[in-house]
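Asks: Residues 1 to 420 (the UniProt record's numbering) make up the sequence shown, in order.
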Amino acid sequence: MPAVTARARRALSRLSGDPRVLDAIAGVAIRRALRRRRPGRLAVLLGPPGRGNIGDQALVEAFCENVTGPVVVVVRASGDVEVPAQLSTRVRVEVLPGLLYGGARSHARDAARLGRLLADASSFSVVGADIMDGAYAHRASIARANLAARASRAGIDSRILGFSWNDAPHPGALAAVRRASRSGVRLLARDPVSASRLAEAGVPTDETADIVFSARTTDSRVADRVVERVGDDFAIVNASGLVAGDHDQLDDLEGVVDRLRAGGRGVLILPHVSRPGGDDIAVCRELAARVDAGVLGGDRPPSGVLLIDRLVSPAEIRGLARRARLTVTGRMHLAIMSIMHGVPAVTVSTQGKVEGLMERTGTPGLCIAPGPGFGDRVHAALDAIESGAAVRERVRAAAPRLVADAERNLDGLPAAGAGA
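#1: Given a threshold of 16 other Cβ atoms within 10 Å of its Cβ, counted over all protein chains shown, does R401 qualify as buried or as exposed?
#2: Where do the N-terminal and C-terminal ends of the alpha helix (DSSP H) with V185 fall, by residue?
#3: Just the Cα atoms here: how many angstroms apart are I368 and D309?
#4: Sorted by chain position, which residues of the same chain lie with C-beta nearer than 6 Å to M337's C-beta, five sequence neighbours on each side aside?
#5: Between which two residues does the beta strand (DSSP E) harbouring residue 429 extend?
#6: What does the alpha-carbon distance come out to for the pair A289 and P192?
#7: How big is the Cα-Cα spacing for V256 and G375?
#8: Counting only the same chain and skipping the five closest in sequence on each side, list residues whose C-beta sits under 7 Å from that of R36.
#9: From what residue to what residue does the beta strand (DSSP E) around G162 run?
#10: Where residue 440 and F213 are concerned, what is the direct C-alpha to C-alpha distance, given to the nearest angstrom?
#11: So, do the segment 198-216 and the segment 388-398 have three or more beta carbon pairs nearer to each other than 8 Å?
#12: At 4 residues or longer, what runs of the alpha helix (DSSP H) sit wholly inside the segment 74-128?
#13: Measure the Cβ-Cβ separation of G266 and G231 and say whether it is below 7 Å.
#14: How far does the alpha helix (DSSP H) with F374 in it extend, from its first residue to its last?
#15: By the three-class DSSP mapping on this structure, what secondary structure does residue 421 have?
#16: What does the Cβ neighbour count give for P364, buried or exposed, with the cut at 16 atoms within 10 Å?
#17: Would you please state the rounded distance, in angstroms, between the beta carbons of A235 and L260? I believe it to be under 8 Å.
#18: With DSSP as the reference, label N53 as helix, strand or coil.
#19: Based on Cα-Cα distance, which residue from G278, C284, P271, R221 lies nearest to D251?
#20: Using a 10 Å radius around the Cβ and a threshold of 16 neighbouring Cβ atoms, would you call E65 buried or exposed?
#21: Enumerate in chain order the residues of its own chain whose CB-to-CB distance from V378 is below 7 Å, with the five nearest sequence positions on each side excluded.
#22: Measure the C-alpha to C-alpha separation of G419 and A149 and round it to an integer number of angstroms.
#23: For the segment 283-329, list the beta strand (DSSP E) runs that are entirely contained and at least 3 residues long, ordered along the chain.
#24: Around the Cβ of S78, are there at least 16 other Cβ atoms within 10 angstroms (buried) or fewer (exposed)?
#25: Tell me, please, which residues DSSP counts as bridged to E207.
#26: Kindly indicate which three-state DSSP category V257 falls into: helix, strand or coil?
#27: Starting from the C-beta of Q249, find all residues in its chain whose C-beta is less than 6 Å away, skip the five residues before and the five after it, and write them out in chain order.
#28: Using DSSP's beta-bridge definition, name the partner residues of F234.
#29: Since D405 and T208 should fall inside the 8 Å C-beta cutoff, what is the C-beta to C-beta distance between them, to a whole number of angstroms?
#30: Quick one: is R360 buried, meaning 16 or more other Cβ sit within 10 Å of its Cβ, or exposed?
#31: In the DSSP assignment, find the alpha helix (DSSP H) that holds V44 and state where it starts and stops.
#32: Along the chain, where does the beta strand (DSSP E) containing V67 start, and where does it finish?
#33: Taking all protein chains shown into account, do 16 or more other C-beta atoms lie within 10 angstroms of the C-beta of residue 428, making it buried, or fewer, making it exposed?
#34: By the 10 Å Cβ neighbour count, where 16 or more other Cβ atoms means buried, how is Q57 classified, buried or exposed?
#35: Under a three-way DSSP split, which group does A415 fall into?
#36: Answer yes or no: do A108 and A29 have a C-beta to C-beta separation smaller than 7 Å?
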């Protein structure tokens, strides 16, 4: 009998986490809450995992900067995202831990809370990026698509903001975006490769660009301090903790730093993510130790190489990227915040999400696969950047188009600066 009871418990546990069961539970909870619907100006944004990821923070800020009126950002845990001071009068965070990652009971509780938010809402937007790529954390991706579909069926403007799509998506994730599309959710692919993959699967999308291209704020104070220490001709080098998990990149990146210094260029070593399983700060410190880098806040580095040994804000990243001559990075949103200022970004491809971006800039050679020969491929990309003006001109020409396409993620929403 105890064995039977244990098996029954396991079966119930699996059932309580089944996306179909959770969707049905959410449907009941949201419908009940929406009986008292009183549509207002509230924009509800379903946020990314965040917490230690500057790219995720940048996605949230870009949305909030570009819409007017009150915004509620729904997150899993307190501290997942921070609300900048300039947005704090109209943006707040709502913590719903069971909405995407909980079992049946916590999901029902938090779906009801979401429903109460939607009762006052004019729109429901889901941060897409690589979070909705169909392969990464597929269960949460399914839940996000299902919630968007539920909101759309209730007559609420619903959309999944600029996202990538994997070439080998989980079948459940593909089925979920199909249902969302049939329910009227706007699916906004952030690159042509993703749009093509979805089209081949029979899922219609609008092609846009990553919403971070539409970010409006830049903070130059950290960049000013960097220029004081390494000069105004500098490159950004990011050592990614995600790439480090699969490939020992330090020897190769040490060679990249040596090459840049030999050419008379200063180097800024810059982390972009710091969380378990992908801590850039630890890897960047290792690289800095190898090349005798100074640390921002200390003396002028004799090596011409400087480390920022903490995460800085998205606006500060953009201030740095705007001043740099080029970027070498394992993090896509650092590449985006460079490209938006016309700065070439040699970018390590992870999860198949970089190829489409580089297709948009006309620089496929700047998309670098990790693994054996990584260093040689980075040097070849640097050769292309430094051999003439062609690469820089293509990136500069692409930047305004990418910004305009990113703004299309927000078509139909009350836009900041548009008199709404």
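Yeah, the Cβ is synthetic: ideal placement off N, Cα and C, and Gly gets one too.
Replies: Put simply:
#1: It counts as exposed.
#2: No alpha helix (DSSP H) contains V185, which DSSP labels as neither H nor E.
#3: C-alpha of I368 to C-alpha of D309: approximately 25 Å in a straight line.
#4: Taken in chain order, the residues that qualify are I317, R318, A321.
#5: The structure shown does not extend to residue 429, since the chain is modelled only from 1 through 420, so no value can be given for it.
#6: C-alpha separation (whole angstroms): 40 Å.
#7: The alpha-carbon atoms of V256 and G375 are separated by roughly 8 Å.
#8: So the list reads A119, once near-sequence residues are dropped.
#9: Run containing G162: 157-163, per the beta strand (DSSP E) assignment.
#10: What is shown of the chain runs 1 to 420, which leaves residue 440 out entirely.
#11: When Cβ pairs closer than 8 Å are counted between the two stretches, the segment 198-216 is seen not to touch the segment 388-398, the count staying below three.
#12: DSSP runs (the alpha helix (DSSP H)) wholly in the segment 74-128: 98-101, 104-118.
#13: Closer than 7 Å, so yes.
#14: According to the DSSP assignment, F374 belongs to the alpha helix (DSSP H) that extends over 374-386.
#15: In the structure as shown, the chain starts at 1 and stops at 420, and residue 421 therefore has no counterpart that could be examined.
#16: Result: exposed.
#17: Contact flag correct, Cβ pair sits at about 5 Å.
#18: Reduced to three states, the DSSP call for N53 is strand.
#19: Here the closest residue by C-alpha is C284.
#20: For E65, the number of other beta carbons within 10 angstroms of its own is at least 16, and it is reported as buried.
#21: So the list reads D252, V256, V328, V346, I368, once near-sequence residues are dropped.
#22: With a pLDDT of only 42 at G419, under the threshold of 50, the placement of this residue in the model should not be trusted; the figure read from the coordinates follows. Each residue's CA atom was taken as its position, placing G419 and A149 some 30 Å apart.
#23: The qualifying runs are 305-307, 326-329.
#24: With fewer than 16 other Cβ atoms inside 10 Å of its own Cβ, S78 counts as exposed.
#25: Partner(s): A189.
#26: Helix at V257.
#27: Here Q249 has V243 as same chain residues with Cβ atoms under 6 Å from its own Cβ, once five neighbours each way along the sequence are excluded.
#28: BP columns for F234 point to G266.
#29: That pair is a contact at about 5 Å.
#30: Flag for R360 reads buried.
#31: Unbroken run through V44 is the beta strand (DSSP E), 42-46; no alpha helix (DSSP H).
#32: That residue, V67, is in no beta strand (DSSP E); it is neither H nor E in DSSP.
#33: The structure shown does not extend to residue 428, since the chain is modelled only from 1 through 420, so no value can be given for it.
#34: Per the 10 Å Cβ criterion, buried.
#35: A415: strand per DSSP, three-state reduction.
#36: Contact flag set, yes.
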